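*Asks:* There's a structure below that I have some questions on.
Number of protein chains: 2
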Amino acid sequence: MTLILSNEDVERVLGMDETIAILEETYRELAEGTGISRVRSDCLAPTSHEDAIYGLKSMDGVVPSLEVGAVRINSDIITWPRTGNHRRRVKVPAAPNDRYVGLILLFSTASGAPLAILPDGVVQRMRVGATNGLGIKYMAREDARTAAILGSGWQAGAQLIAAASVRNLEEIRCFSPNAAHRQAFSQTMTGLLGIPVLAVDHPEEALEGADIALCATNANSAIFGPEWVRPGQHISAIKHVEIDSAAVALADRAVTHIKDSSPIHCVIEGMDGMEALPSRYTAKGWADIEALDFAAMPELTDLISGRVPGREGRHEITCFINNFGLGYQFAAVGWLALDKAKAAGLGREVPTDWFTETVHP
Amino acid sequence: MTLILSNEDVERVLGMDETIAILEETYRELAEGTGISRVRSDCLAPTSHEDAIYGLKSMDGVVPSLEVGAVRINSDIITWPRTGNHRRRVKVPAAPNDRYVGLILLFSTASGAPLAILPDGVVQRMRVGATNGLGIKYMAREDARTAAILGSGWQAGAQLIAAASVRNLEEIRCFSPNAAHRQAFSQTMTGLLGIPVLAVDHPEEALEGADIALCATNANSAIFGPEWVRPGQHISAIKHVEIDSAAVALADRAVTHIKDSSPIHCVIEGMDGMEALPSRYTAKGWADIEALDFAAMPELTDLISGRVPGREGRHEITCFINNFGLGYQFAAVGWLALDKAKAAGLGREVPTDWFTETVHP
Numbered sequence: 001m002t003l004i005l006s007n008e009d010v011e012r013v014l015g016m017d018e019t020i021a022i023l024e025e026t027y028r029e030l031a032e033g034t035g036i037s038r039v040r041s042d043c044l045a046p047t048s049h050e051d052a053i054y055g056l057k058s059m060d061g062v063v064p065s066l067e068v069g070a071v072r073i074n075s076d077i078i079t080w081p082r083t084g085n086h087r088r089r090v091k092v093p094a095a096p097n098d099r100y101v102g103l104i105l106l107f108s109t110a111s112g113a114p115l116a117i118l119p120d121g122v123v124q125r126m127r128v129g130a131t132n133g134l135g136i137k138y139m140a141r142e143d144a145r146t147a148a149i150l151g152s153g154w155q156a157g158a159q160l161i162a163a164a165s166v167r168n169l170e171e172i173r174c175f176s177p178n179a180a181h182r183q184a185f186s187q188t189m190t191g192l193l194g195i196p197v198l199a200v201d202h203p204e205e206a207l208e209g210a211d212i213a214l215c216a217t218n219a220n221s222a223i224f225g226p227e228w229v230r231p232g233q234h235i236s237a238i239k240h241v242e243i244d245s246a247a248v249a250l251a252d253r254a255v256t257h258i259k260d261s262s263p264i265h266c267v268i269e270g271m272d273g274m275e276a277l278p279s280r281y282t283a284k285g286w287a288d289i290e291a292l293d294f295a296a297m298p299e300l301t302d303l304i305s306g307r308v309p310g311r312e313g314r315h316e317i318t319c320f321i322n323n324f325g326l327g328y329q330f331a332a333v334g335w336l337a338l339d340k341a342k343a344a345g346l347g348r349e350v351p352t353d354w355f356t357e358t359v360h361p
Numbered sequence: 001m002t003l004i005l006s007n008e009d010v011e012r013v014l015g016m017d018e019t020i021a022i023l024e025e026t027y028r029e030l031a032e033g034t035g036i037s038r039v040r041s042d043c044l045a046p047t048s049h050e051d052a053i054y055g056l057k058s059m060d061g062v063v064p065s066l067e068v069g070a071v072r073i074n075s076d077i078i079t080w081p082r083t084g085n086h087r088r089r090v091k092v093p094a095a096p097n098d099r100y101v102g103l104i105l106l107f108s109t110a111s112g113a114p115l116a117i118l119p120d121g122v123v124q125r126m127r128v129g130a131t132n133g134l135g136i137k138y139m140a141r142e143d144a145r146t147a148a149i150l151g152s153g154w155q156a157g158a159q160l161i162a163a164a165s166v167r168n169l170e171e172i173r174c175f176s177p178n179a180a181h182r183q184a185f186s187q188t189m190t191g192l193l194g195i196p197v198l199a200v201d202h203p204e205e206a207l208e209g210a211d212i213a214l215c216a217t218n219a220n221s222a223i224f225g226p227e228w229v230r231p232g233q234h235i236s237a238i239k240h241v242e243i244d245s246a247a248v249a250l251a252d253r254a255v256t257h258i259k260d261s262s263p264i265h266c267v268i269e270g271m272d273g274m275e276a277l278p279s280r281y282t283a284k285g286w287a288d289i290e291a292l293d294f295a296a297m298p299e300l301t302d303l304i305s306g307r308v309p310g311r312e313g314r315h316e317i318t319c320f321i322n323n324f325g326l327g328y329q330f331a332a333v334g335w336l337a338l339d340k341a342k343a344a345g346l347g348r349e350v351p352t353d354w355f356t357e358t359v360h361p
């Protein structure tokens, strides 16, 4: 049987502690050269959907120790609505019933069999949370007690859960531009974490004195500038454009998720304007991207394997940038979700024969 | 609804004439730069299956004019059994019920929605047949009447169907090493095509006087040498290793399927021996691969768009080498299969909601 899981199934079984643990364990294998990741590819094409482009994106990964391979696919209708001088990237839920399309397919390396098909949403959120959580675990001060977060969306929640999983936080302060959003977030997260999460009116209020500064937005340009950097701080971003390169330059240690951060771009000629390279439209954002040389930075596996230290003193400023995702993460976290969903009897079983064949070409 | 199709469904509706037509039409768009293909990636990893490796391969393509995108995935258990001095690449049907795993996922570029999931077998066979069929259409003599085929497997059948679709063949001669196989093939194909297909005992008997020489084997090294090249002949291969580079050198015009023929290799260190580069083990095969410079050859889209002529005289020797596949082919032919299957009421309908989500990460 092949299991079809929903985001609800995955959410019910997938905890942050164990997501961090499985990533840490499998990243060690990646560091040792016994794991495989195929860099993301983006096929960008015209769509009949108004003022939008179509994106077909995929990435693959194999975790041999878990006997699992994964392909993660996104089939997106993407728009770039303008707000003031900026354009924001907004995916449109254009599939039937106003839904988005992101899938993970899991395969057995022992038999080749398709083990499961699941939406990518919850796994994506958890793997981003867990990845930045590992950044905090290896780089933030052991005695970090306060965290600030810029952003109050779905990803921001996972960032706080992960931070609270690896450090004994006593206070969290949240800023995001929309007061209603940040207040709702504060209420939900306070209840969820059992730690006071305060909504504040200005980013300065959130950041002042924070041991850990978390950026978790969908911004297209820098939202965290050099003026906010403080000794002893750990800075964390879920997108590389969130942190101004001048802020990164102030860090004693800056670590990236992966050095090799160039997706394969397959773009129809003439579409390499706004759609393919949105950052062009916010000159600062684009300049920031240019200024960060990920290949020259240590990457997360270097921290986990002990090849580079995360922090060597309580006054050091550390910075972790989750620049790009890996198919490998979807194999590891997808495997965990499947393992736990099976144990809990969740999901729809369909005959594996539906997705296999008697011929091989 | 999302349609789950089987190879049987696809086989019932997908004809060679229209497969050739859809590829020809969509290749014209590819030539014009309005189609997208993401080169195949191969993740090769250890497997617990005895004496084998695990391969997770994927390729993507988008045909904007058909409003379809495709991801093709293979999840293979691969072995290299030795026969005499050679090793042959053999996929093992290790999935439940002794089955292979190859999938095509089709998506709508208008909504992002997953349209269908189907096994890749029949589409793969038809697109290889149709691709080499286009080679014949654009390069073989208009009055070609006899064809020889080396090979008697599943792919060989599609090669003959395609050849008979684009030329008025009157006689076909087949050689393959196993007498029982070639006799069974001869009987089946004679019935199917209504053209005598003779099984012969030596490759020479098949090739002598043949206007079209088809190679359709799973050989790892050259099976078609320069001694068999004749004026006016069209030579066709479904794998680049089948034709000795010395034979290609004798051709007045040699065209490849695609210039960019390097899949992305994601291989665990130390696995780049037999498993990753099998051709190393047959020195001749390896040398052949090295000798052919696909990037310097015209490609199929050049013929179809008229950028290069296919043949300019009846005594010219022409050669078409189907060196690598394209995700684009799976989008085009997959779309056709889906369109016809829907019209015929075939396939299993499952809720599209199973493969979509309300969140986007």
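Chains A and B, in that order, give the protein sequences. For the first sequence, the working numbering gives the first residue as 1, with consecutive numbering after it. For the second sequence, the working numbering gives the first residue as 1, with consecutive numbering after it. In this text, a Cβ means the ideal position worked out from N, Cα and C, and glycines have one as well. On a predicted model such as this, the values are computed, not experimentally measured, just so you know.
1. State the Cα-Cα distance for the pair B:T217 and B:K239, rounded to the nearest angstrom.
2. Quick one: Cα of A:L448 to Cα of B:L5, how far?
3. Short of 6 Å in beta carbon distance, which residues of its chain neighbour B:A144, apart from the five on each side in sequence? Order them along the chain.
4. Would you check if there are 3 or more beta carbon pairs closer than 8 Å linking the region 127–138 of chain A to the region 157–172 of chain A?
5. Please report whether the beta-carbon of B:K91 lies at a distance below 7 Å from any beta-carbon of chain A.
6. Taking only beta-carbon atoms, is A:F330 less than 7 Å away from chain B?
7. Rounded to whole angstroms, how far is the Cβ of A:L346 from the Cβ of A:D9, which I believe are closer than 8 Å?
8. Run down chain A in chain order and give the residues with a C-beta less than 7 Å from the C-beta of B:C215.
9. Check each candidate in B:G209, B:S186, B:V229, B:C174 and name the one with the smallest Cα separation from B:H202.
10. With 7 Å set as the bound, which would you pick, yes or no: does the beta-carbon of A:I268 sit closer than that to a beta-carbon of chain B?
11. Let me know the secondary structure DSSP gives A:M126 once reduced to three states.
12. Work out the CA separation of B:D42 and B:E32 for me, nearest whole Å.
13. Say whether the region 73–80 of chain B touches the region 324–333 of chain A, bearing in mind that this needs 3 or more beta-carbon pairs closer than 8 Å, one atom from each stretch.
14. Based on the DSSP output, what are the partners of B:T318 in its beta bridges?
15. Give the straight-line distance between the Cα atoms of A:S362 and A:A70, rounded to the nearest whole angstrom.
16. Along the region 103–115 of chain B, what residues have a CB closer than 9 Å to any CB found in chain A?
17. At the level of alpha carbons, what is the spacing between A:A158 and A:Y27?
18. Between A:L277 and chain B, is any beta-carbon pair separated by less than 7 Å?
19. For the alpha helix (DSSP H) that B:H181 lies in, which residues bound it at each end?
20. Do you know how far the Cα of A:Y100 is from the Cα of A:P351?
21. Is there at least one Cβ from chain B nearer than 7 Å to A:N7's Cβ?
22. Exposed or buried, what is A:S245 when buried is set at 16 or more other beta-carbons lying within 10 Å of its beta-carbon?
23. Using a Cβ-Cβ cut-off of less than 9 Å, list which residues of the region 214–233 of chain B approach chain A; keep chain order.
24. Report yes if the C-beta distance between A:L30 and A:T301 is below 7 Å; otherwise report no.
25. Go through its chain and collect everything with a Cβ distance to A:Q183's Cβ below 6 Å, but skip five positions before and after it.
26. Establish whether the CB of B:F324 and some CB of chain A are separated by less than 7 Å.
27. Would you identify the three-state DSSP class for A:P119, choosing helix, strand or coil?
28. Using C-beta distances below 8 Å, list every residue in its chain close to A:G209, excluding the 5 sequence neighbours before and after it, in chain order.
29. Check this for me: beta carbons of B:G55 and B:L66, under 7 Å apart or not?
30. Could you compute how far the alpha carbon of B:D252 sits from the alpha carbon of B:E312?
31. I'd like to confirm the pairing. Which residues does DSSP put opposite A:Y328 in its beta bridges?
32. Name the chain A residues whose beta carbon is nearer than 8 Å to that of B:A45?
33. Taking Cβ positions, are B:Y152 and B:F185 nearer each other than 7 Å?
*Replies:* In terms of the structure at hand:
1. 8 Å
2. Since the first and last residues shown for chain A are 1 and 361, residue 448 of chain A lies out of range.
3. R167, D211, I212
4. yes
5. yes
6. no
7. 4 Å
8. Near B:C215 there are no residues of chain A at all, since even the closest Cβ is about 16 Å away, more than 7 Å.
9. B:C174
10. yes
11. helix
12. 28 Å
13. no
14. B:H234, B:R253
15. An answer regarding residue 362 of chain A cannot be provided, because it is not within the stretch 1 to 361 covered by chain A.
16. L103, L105, F107, S108, T109, A110, S111, G112, A113, P114
17. 20 Å
18. Residue placement at A:L277 is flagged as unreliable, the pLDDT there being 44, under the threshold of 50; a coordinate-derived value is accordingly withheld.
19. 179–193
20. 25 Å
21. yes
22. buried
23. none
24. yes
25. A199
26. no
27. strand
28. T146, R230
29. no
30. 10 Å
31. Bridge partners of A:Y328: none, in fact.
32. I36, V62, P64, G69, T109
33. The residue asked about is misnamed: residue 152 of chain B is Ser in this sequence, not Tyr. Contact flag set, yes.
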